[in-house]
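Working notes, structure below.
2 protein chains.
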Amino acid sequence: MAKHIEYPNLEPLFRPKSIAVIGATEDPRRVAGLPLKFAIEHNYKGKLFPVNNNRESVLGLKCYSSILDIPEEVDAAMIVVPAAVVPDVIEQCAQKGVKVAVIGVSGFAELDKEGKKRHDKIVEIAKTSGMRICGPNTNGLLNVHEGISLGYSYAQEVVIPGRLGYVTQSGALLSATVPRFARRGIGMSYFVGAGNQADLEVFDYVRYLINDPNTDVIAVYVEGFKNPQKFIDVAGLAIEKRKPIVMLKVGRSELAVSAAKSHTGSLAGSDPIVDAICKQKGVARVDDFDELIAVSSVFLKCKLPKGNRVGIISSSGGAIGLVADRAMGSRISFTDVSAKTKQQALAVLPWYGEFKSPFDIAAAGSKATQDVELARKAVDFILFDENVDILLAIITPMERRGTQNYIQAIIDASRSSDKPVILFAPMGGLREEEETIFYEGNVPMLTDSAECVIALDAMLEFAEAIRRQKDAEELPDINSHVDKEKIKKELFDKKNKTLSEHESKQLLSYYGIPVVEEAMAVSPDEAIKIAEKIGYPVVLKIDSPDIAHKTEADAVRLGITNRDKLVHAFHEVENNARKYAPHASIKGVSIQKMIKDAREVIVGLSYDPQFGSVVMFGLGGVFVEVLKDVSLRVAPLSRADAEEMIKEIKGHKLLEPFRGKPAADTEGIADVLLKLSAMATDLGNVIAEIDINPLMVKGEGVMAADALVILK
Amino acid sequence: MAKHIEYPNLEPLFRPKSIAVIGATEDPRRVAGLPLKFAIEHNYKGKLFPVNNNRESVLGLKCYSSILDIPEEVDAAMIVVPAAVVPDVIEQCAQKGVKVAVIGVSGFAELDKEGKKRHDKIVEIAKTSGMRICGPNTNGLLNVHEGISLGYSYAQEVVIPGRLGYVTQSGALLSATVPRFARRGIGMSYFVGAGNQADLEVFDYVRYLINDPNTDVIAVYVEGFKNPQKFIDVAGLAIEKRKPIVMLKVGRSELAVSAAKSHTGSLAGSDPIVDAICKQKGVARVDDFDELIAVSSVFLKCKLPKGNRVGIISSSGGAIGLVADRAMGSRISFTDVSAKTKQQALAVLPWYGEFKSPFDIAAAGSKATQDVELARKAVDFILFDENVDILLAIITPMERRGTQNYIQAIIDASRSSDKPVILFAPMGGLREEEETIFYEGNVPMLTDSAECVIALDAMLEFAEAIRRQKDAEELPDINSHVDKEKIKKELFDKKNKTLSEHESKQLLSYYGIPVVEEAMAVSPDEAIKIAEKIGYPVVLKIDSPDIAHKTEADAVRLGITNRDKLVHAFHEVENNARKYAPHASIKGVSIQKMIKDAREVIVGLSYDPQFGSVVMFGLGGVFVEVLKDVSLRVAPLSRADAEEMIKEIKGHKLLEPFRGKPAADTEGIADVLLKLSAMATDLGNVIAEIDINPLMVKGEGVMAADALVILK
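Protein sequences, first through last, are from chains X and S.
Using our numbering, read the first sequence as starting at 1475 and increasing by one per residue.
Using our numbering, read the second sequence as starting at 1475 and increasing by one per residue.
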């Protein structure tokens, strides 16, 4: 599915050598008064040109009446004039050879029809001139380390420098949330508001940040994908470069989808597919800003863990339960320390009846926290234990110097180990004297148990995505023997968009997907011969390219055990089909082996207009129809992807040994999913949909009992 | 099930006229130095007696060497001596006639065997003397309004007065979280740490607070219920008195259960039953302290809404989606304003293309927020609209005075309406000038979208619980005609604890639960006569009190359509049963009508050692076995309880019209649930378990096709 995706050069945006502020004024209470002010305050080292035909100078700088009057080259233009004149200004910028323009005002596609015209106009100019556009409807950006500002958000005043890149589609939420990051001590390398994404889009910026040496982690707020393939591609790059993306994406609900549309004119995209891509590509999708901040902070401060075993030290017995409850269903596993550690620890901390993880450091009257050396030893016994991959340290206020000693011990211990150390503070923050110690260290502090679990899970998922990517480098060879061109031609020659069951199964078997033994009969006599050959019991189904829903037509009969019943069923199936669709072309009745003692699952391939070919898996019957219990992945799939799809559904227990049935052949299911993925790669532009429903799954072996292929 | 539950008199604990602090010292860095210090600082109006045999006076007060030396009456004693001497001190307190003692030290049942002995000793003294005990292993309590302190938690220094009562089992989490409430501007009437609940327990304190005129809402952190029936009873009182309980209860996971046990010696109780009781009794169960704080603040500041329709005004289009996404699956319904309001609003705010809810007040360039009067009008158009029950106002930083004007408008509007107004601030807090306005108002501020949804849902659930309680006052008359004593005698006379299917069904029919037509045959000839009478197809099942699991014994045959098959099946069933359990007493073979075109559901009654009789409902097959998709309620049930049980399961869609079947007779299912509840009330001390599996449900009518009753 990989298309040729082109990415812009964003150096002139994030590191312009010269900036023009078009519409600049001196009044700091107005939007137009801020960009120049911020640029000056951040000590911009390049050249600054105010443009305003009502002024001689602004903030001490010579002012030009038009950008065309500026005698030097202009890399970037920040535009804060009314929307109505923006197209003309943009035209001039292009003429001037400006490389990138930031449109800091609203009144475009998000507002009304006139606004949409303005949108189309500026997109047209960008396309023909090659000048790139950030926004409109954005409050701009800041290169924090180099002090390069093209914007006017309140965030410019409060951001602190660091290694998080932050890209958000909403300007209001940029201003709202950068202060939250700062209050939690999380510094940024860049932030940028993407606004309406008329030209440049969220994942253009994300890609730049992935390649940026000052950025370790990228936090993203997004309402809609302009080019969904770019999202997939950039997420892949993030894994390759080991730079986690933490993404808050709205659009799970109808109201959110319509709000996003009216807000920035974005299409939110199919939410379950977005979820699937995040799982597949290790993107940590979160649902709120607390989570965005918590997960970002853990990625920023911790190395990835080697495994999922979490040891706990806590000054509150109760708080352990908070985390344990939340961790149900997560990837986290809580572990005790080894027998060796227990023994060693008891020699040092003899007043605890037993040393174990979770370890309640306050249980014996805070003895261990009255002394920073002892506290350190308690922490070390868990952190350095061979069973422990991650240390969760829980802290509540203690008497005397207890809290300070305990924090000191945690910070010191974390410095001497590569294992992630997370601090969970149910009190929501530290006292001043404790904060001093804390901020010197490299330990993220989380203030609720959900944050702890979401953040740890995100680390484990990212580590897993890295492993999967390595695994995917050797994609299984499925389709090298398949004559794709011949098949494509065959499909192009079809008259019906909807293939019959027989044709559909034939296509599947080209790719090695096993299908149930069957043959077509045009008379009861033929049917008898076939049934006797393949053996009773058999199944009868009408074979007609015009009847896709055979059950609805009552043109299927199961479990036919003898000749009499067969003849009777043959007539019934034929008659019902004719009644259901009098003008249908009927090829005959398909006689198939009845598969017993098998589980029924559903696998399929569909084409999403935004995300391309999507592979689907679910259990048969009510699981898909009522509970919508399906898993999705975008093609191409690795074997690990296919295996996770199978494990992911809620009803997965039904694939384990159940009511006397052996475990289902999940390897066989995974094979079929990979084959569907290969079909998507080869035939994605021909095939609209494939449904295998049911795929019969035995202890060993799988077989498509029914199939439906729809062409584009 | 209502037992005689006795409640203590807690006046001497929360309003003692005199207090002795046993173990008092002057060193404020030690626990023993704090209770007297806090009592003095809070300006305690009663008499204070330090007790310490090493000192003449403490903090300027005459010190006694033993409580027995105090010449006046002592209502309450705060004990901060080492655990080893606590039993002796408690003995002396009892002798002195102290009404209640707070044991502020650890080293009891939570520590070791010696500690358990001390625990038993003090419990014994309390029982014989009538003196009540708070703790041990608690940092005490504070009556905030009257400044009466019996404790030493750091929380004593930071709490602010207000109308929230706070009861927590963990002292560490009390100290950790009271500051969080205070930082959010939430004041308290009382807080108390229950500790090990050796005598007084969490729900004794909660009950006191429900009856307290200074308390409107009770927040609870609990690890285990000492007397689970008290929890149920007190939750019922809370509804009656319209005082919501917000409860953070750990114990969903195994690790949390074992942590609670080692922490305070508490048994966590069956978590799904705790959940069920919370739903039934309108207790808002939360999973973290942010949620505890958020839900408490909404209950404190808002009147209950009349309905679930939420109107939104926002200064950020994106933030609307955050809340909408979270609200999926909640009770919340987002609503637009009426046509009339739309028209009126456009006359006042003409620069918006359309007035609607959600209303993006910043969309037209913040025009409406540049003027506080206009902002107020925008808020009013939504708040006072006839379609709106609740206003959610979302705020992000705006330029110039926008933010302040908008907050002012929200606060002013909320004062003129009884409808709840909730402020969602994704920026996590307000700037100083905004906070000044905000804290004058009566609007709760929440900082993430999950909090908004959880808090609104909690209000809706509490309002619903009030409605249910009114409804429950007229409990349906189910069992007045039943001769309970006769039935009890019949059950007492049974030799087997496990009743046969026939006996089980007989018991059900005493309570009017319809059972499938059946009769017992001891020979094939008899079977034929019965089958011909009730009509083919029939079902055959072995009838033996010794074979509870007939399917496992392969002693069931379904869908028998004629005489030959009947005779064959009769022998098979009999032979298989004998093979399965050679010594079983076999009464015969039950011949039953085969029910077709019905849905199979499972209903049951079981006895939980902590919570008493529990009624269960679920769908048949994989839904219960694999997905554990069941709903529970403790008996007695109201009709509304029964109806909610049915709606609550994930697979409830299967009860709607489905694959040609009409909607299931849910009224009939509810009847059976109510009848089981009545059986629990009448026969709870005789019956251990009832399983009706399956209950066949048609479009009209339900029938027990199989039943199993186990006696205690």
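Glycine residues also receive a C-beta, built at the ideal position from the N, C-alpha and C atoms.
| Query | Result |
| --- | --- |
| Can at least three beta-carbon pairs, one atom from the segment 1626-1639 of chain X and one from the segment 1647-1661 of chain X, be found at a separation below 8 Å? | yes |
| Nearest by alpha-carbon distance to P1918 of chain X: which of X:L1674, X:R1941, X:K1893 and X:T1602 is it? | X:K1893 |
| Which value, in whole angstroms, describes the spacing of the CA atoms of M1475 of chain X and S1974 of chain X? | Note that M1475 of chain X scores a pLDDT of 41, beneath 50, so its modelled location is shaky; the value from the coordinates is reported in the next line. So the alpha carbons of these two residues sit roughly 26 Å apart. |
| Starting from I1564 of chain S, trace the alpha helix (DSSP H) both ways and give me its first and last residue. | V1560 to K1570 |
| Under 7 Å, CB to CB, which of the residues in the segment 1893-1918 of chain S have a partner in chain X? | P1900, M1901 and G1902 |
| Counting only C-beta atoms, is K1521 of chain S closer than 8 Å to chain X at any point? | no |
| Measuring alpha carbon to alpha carbon, tell me which residue in S:L2129, S:R1681 and S:A1939 is nearest V2100 of chain X. | S:L2129 |
| Please confirm whether V1467 of chain X and V1720 of chain X have their CB atoms less than 8 Å apart. | Chain X is shown only over 1475 to 2186; residue 1467 of chain X falls outside these bounds and no answer can be derived. |
| Between the Cα of D2071 of chain X and the Cα atoms of X:V2146, X:M2170, X:H1619 and X:S1888, which residue gives the shortest distance? | X:M2170 |
| Distance cutoff 8 Å, beta carbons only. Does I2065 of chain S sit that close to anything in chain X? | no |
| Which stretch, first to last residue, makes up the beta strand (DSSP E) that contains A1867 of chain S? | I1864 to I1868 |
| Between X:L1522, X:L1823, X:S1954 and X:V2077, which has its C-alpha nearest P1490 of chain X's C-alpha? | X:L1522 |
| Which of helix, strand or coil does DSSP assign to I2004 of chain S? | helix |
| Using a beta-carbon distance cut-off of less than 8 Å, what residues from the segment 1924-1950 of chain S approach chain X? | A1924 |
| Output yes if chain C places a C-beta closer than 8 Å to the C-beta of M1605 of chain X; else output no. | Here chain C cannot be found, since the structure's protein chains are X and S. |
| Taking only beta-carbon positions, decide if I1787 of chain X is within less than 8 Å of chain S. | no |
| In whole angstroms, what is the alpha-carbon distance linking T1809 of chain X and I1869 of chain X? | 19 Å |
| Does the beta carbon of D1586 of chain X sit closer than 8 Å to a beta carbon anywhere in chain S? | yes |
| Give a yes or no on whether the C-beta atoms belonging to F2097 of chain X and G2142 of chain X are separated by under 8 Å. | no |
| Using a threshold of 8 Å, state whether the C-beta atoms of A1836 of chain S and S1790 of chain S are closer than that. | yes |
| Determine the DSSP secondary structure at M1475 of chain X, reduced to helix, strand or coil. | Because M1475 of chain X carries a pLDDT of 41, less than 50, the predicted location of this residue cannot be relied on, and the following value inherits that uncertainty. Three-state DSSP puts M1475 of chain X in coil, outside helix and strand. |
| Just checking: is the beta-carbon of V1757 of chain X within a distance shorter than 8 Å of some beta-carbon in chain S? | no |
| Got a sec: which bits of the segment 2122-2133 of chain S sit with their beta carbon under 7 Å from any beta carbon on chain X, in order along the chain? | K2124, G2125, K2127 and L2128 |
| Could you please give me the residues that DSSP links to F1665 of chain X through a beta bridge? | X:L1616 and X:Y1640 |
| When you compare only the Cα positions, how much space is there between D1957 of chain S and G2158 of chain S? | 15 Å |
| Alpha carbon to alpha carbon, what distance is there between G1661 of chain X and V1442 of chain X? | Missing from the structure shown is residue 1442 of chain X; chain X here goes from 1475 to 2186 and no further. |
| Using alpha carbons as the reference points, say which of S:K1841, S:S1807, S:P1718 and S:I1751 lies closest to K1777 of chain S. | S:P1718 |
| Under the three-state reduction of DSSP, which class applies to T1689 of chain S: helix, strand or coil? | coil |
| Which same chain residues end up closer than 8 Å to V2063 of chain S when comparing Cβ atoms and leaving out the 5 residues on each side of it in sequence? | M1994, A1995, V1996, A2001, L2014, K2015, I2016, D2017, F2044, V2047 and E2048 |
| State the CB to CB distance for the pair G1698 of chain X and N1613 of chain X, rounded to an integer number of angstroms; the pair is presumed to be in contact (CB under 8 Å). | Contact doesn't hold; Cβ gap of about 19 Å is too wide. |
| In chain X, what lies closer than 9 Å to I2069 of chain S by C-beta? | Per Cβ cutoff of 9 Å: no residues; I2069 of chain S is ~20 Å from chain X at best. |
| Could you check what DSSP says for V1525 of chain S in three-state terms: helix, strand or coil? | strand |
| Would you decide whether E1925 of chain X is buried or exposed? Buried here means 16 or more other CB atoms lie within 10 Å of its CB. | buried |
| Using 8 Å as the threshold, is the C-beta distance between A1568 of chain S and S1603 of chain S below it? | yes |
| Quick one: does R1726 of chain X have its CB under 8 Å from some CB of chain S? | yes |
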